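Undergrad: First, the structure itself, so that you have it in front of you.
There are 2 protein chains.
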Amino acid sequence: MPRPKSHTQEDLTERALKTFWRAGYEATSMDDLVTATGVSRHGIYSAFGGKRELFLACFPRYRELVVRPAFSAVEEPGAGLAEIAGYFEHQISAAEAQGLPGPGCFVANSATEVAPHDAEVLAAVAAHNGRLQRGFAEALRTAGEPEGEVEAVAATVVTFATGLWSLSRVVEDADVLRRSVATFMDMLKGRVR
Amino acid sequence: MPRPKSHTQEDLTERALKTFWRAGYEATSMDDLVTATGVSRHGIYSAFGGKRELFLACFPRYRELVVRPAFSAVEEPGAGLAEIAGYFEHQISAAEAQGLPGPGCFVANSATEVAPHDAEVLAAVAAHNGRLQRGFAEALRTAGEPEGEVEAVAATVVTFATGLWSLSRVVEDADVLRRSVATFMDMLKGRVR
DNA sequence: CTTGTAGCAGAATGATCATTCTGGTATCGT
DNA sequence: ACGATACCAGAATGATCATTCTGCTACAAG
């Protein structure tokens with residue numbers, strides 16, 4: 002049996018994710034990662050190959066740790082507007098628990114900072130946004146949005162969500178975000194009625 | 002007549018702004034700035050003090066060069082929903098002319114990349130968002146939004162706008178952005194009716 | 001022409017940082 | 001106990017980069 006393995010690969014990427022998420026890619030040094038993960042430089046390099054590769058490995062981890070818990074209810078068959086509102090509230094209270102201004106959305110942050118210089122990151126961002134849009138679209142269909150408008154409205158929800166996580170990096174009071182969400186959900190309900 | 006003065010302070014900050022805007026703060030080196038501005042290191046340091054100060058000087062310049070032309074119509078007394086839509090279209094076609102994926106919004110980019118580490122940048126971002134919200138709020142009042150909801154709806158418009166500029170860094174087709182705007186404006190009209 | 005000045009290019013400096021390497025230590029199977 | 005293995009701490013390396021410094025050039029006033 003191998004060493005106690007105080008650090009599984011999951012632990013490692015989880016801690017690295019949290020570091021990158023809060024501070025961004027450039028502002029995170031290998032020292033920060035060594036400290037945050039408790040894994041030696043050698044360990045990181047042999048497991049991943051380098052800083053950039055570790056960063057890329059954080060995307061699937063973010064999906065499991067953050068996107069799935071928050072978004073799977075929207076993807077469930079039969080989900081509707083309530084589940085969309087639930088997604089927003091889920092993320093806002095998570096940010097609130099961590100302390101605002103919060104880290105925002107790891108993917109959206111990477112879209113701004115890294116994607117313009119890195120095609121692989123760009124692809125990961127596009128995949129994430131596509132997933133959100135598909136989930137929202139299906140829920141909007143269920144809620145009665147006319148088929149011809151479903152995709153456009155879903156894209157609008159994605160746009161709003163992106164803005165919300167961006168503002169959550171700047172805002173101190175979660176209720177500011179909640180009021181925006183409530184207003185936006187009102188607008189959505191107004192359409193569907 | 003003084004030296005040809007190929008570079009006024011306005012030229013300098015304008016070119017620096019464009020460089021920071023596209024590449025971000027960290028990814029822009031002093032060499033990039035020297036090349037982009039045509040001003041020597043010595044010139045930059047004696048005029049501004051350093052990279053960070055030059056970056057801060059880009060915020061007023063962005064206001065003059067980008068925000069005022071695009072947003073002043075919204076701030077005009079009597080502006081309404083059409084002017085809000087005009088603001089979005091103005092920015093989208095500017096981004097399109099520069100080539101998508103575009104640089105997004107300089108302030109929003111800075112909010113994600115720099116504001117978490119720099120209080121002065123955070124303040125500049127908050128001031129910008131406040132200005133947008135005030136402008137939108139007044140236009141919404143004019144459009145007939147009930148007073149009790151004006152600020153909340155204006156905050157929602159700011160959120161949507163922030164998301165739009167964020168997505169404009171990732172999207173290749175301006176019409177994707179235009180469809181989101183059209184849908185969002187529909188939602189706003191639906192409220193005001 | 002001479003001298004002063006403004007502003008340039010590019011070298012020197014010092015710091016930071018990703019990556020690689022070296023040596024040590026603890027744990028496990030035998 | 002003994003060797004092997006997995007992993008760690010931290011030093012060495014090499015690159016990058018902000019900042020400072022040095023010397024040069026071109027213009028202008030006298």
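Chains as they are written, first to last, in our numbering: chain A, 2 to 194; chain B, 2 to 194.
We put the CB at the ideal spot given by N, CA and C, even for glycine.
Computed from a predicted structure; not experimentally measured.
With burial defined as no fewer than 16 other Cβ atoms inside 10 Å of the residue's Cβ, what is the status of B:Met-31: buried or exposed?
TA: exposed
Undergrad: For A:Gly-105, which of B:Pro-104, B:Ala-112, B:Glu-84 and B:Leu-141 has the nearest alpha-carbon?
TA: Nearest option by C-alpha distance: B:Ala-112.
Undergrad: Let me check understanding here. Comparing Cα to Cα, which of A:Val-159, A:Glu-114 and A:Thr-14 lies closest to A:Tyr-46?
TA: A:Thr-14
Undergrad: For the stretch 149 to 159 of chain A and the stretch 175 to 184 of chain B, state whether three or more C-beta atom pairs, one from each stretch, are separated by less than 8 Å.
TA: These segments touch.
Undergrad: Say whether chain A places a C-beta atom closer than 7 Å to the C-beta of B:Glu-214.
TA: As displayed, chain B neither begins before 2 nor continues past 194, which places residue 214 of chain B out of reach and without an answer.
Undergrad: Here's the rule: buried if 16 or more other CB atoms are within 10 angstroms of the residue's CB, otherwise exposed. What is A:Lys-19?
TA: buried
Undergrad: On a Cα-Cα basis, can you pick out the residue from B:Leu-189, B:Ala-58 and B:Val-172 that is closest to B:Phe-107?
TA: B:Ala-58
Undergrad: How is A:Asp-176 classed by DSSP in three states: helix, strand or coil?
TA: Helix at A:Asp-176.
Undergrad: Keeping to the same chain, check which residues put their C-beta closer than 8 Å to that of A:Tyr-63; ignore five residues upstream and five downstream.
TA: Leu-18, Trp-22, Phe-107 and Val-108
Undergrad: Using the C-alpha atoms, what's the distance from A:Phe-161 back to B:Arg-135?
TA: The alpha-carbon atoms of B:Arg-135 and A:Phe-161 are separated by roughly 19 Å.
Undergrad: Taking A:Glu-97 and A:Ala-175 to be in contact with their CB atoms under 8 Å, please state how far apart those CB atoms are, rounded to whole angstroms.
TA: 4 Å
Undergrad: Are the C-beta atoms of B:Ser-73 and some chain A residue less than 7 Å apart?
TA: Cβ-Cβ to chain A under 7 Å: no for B:Ser-73.
Undergrad: Using a Cβ-Cβ distance under 7 Å, would A:Phe-56 count as near chain B?
TA: Look at A:Phe-56: its C-beta is not under 7 Å from any C-beta on chain B.
Undergrad: Name the two residues that bound the continuous alpha helix (DSSP H) containing B:Ala-48.
TA: 42 to 49
Undergrad: Whose Cβ in chain A lies nearer than 8 Å to the Cβ of B:Ala-156?
TA: In chain order: Val-177, Arg-180, Ser-181 and Thr-184.
Undergrad: Decide if A:Ala-124 is buried, meaning its Cβ has at least 16 other Cβ atoms within 10 Å, or exposed.
TA: exposed
Undergrad: Just checking: is the beta-carbon of A:Phe-161 within a distance shorter than 7 Å of some beta-carbon in chain B?
TA: yes
Undergrad: To the nearest angstrom, report how far apart A:Gly-44 and A:Val-67 are at their CA atoms.
TA: 25 Å
Undergrad: Using a C-beta to C-beta distance shorter than 7 Å, which residues of chain B count as neighbours of A:Ala-112?
TA: By Cβ distance, chain B contributes Ser-167, Arg-170 and Val-171.
Undergrad: Give me the chain B residues within the contact set of A:Arg-192, using Cβ-Cβ distance strictly less than 8 Å, ordered along the chain.
TA: Asp-187, Met-188 and Gly-191
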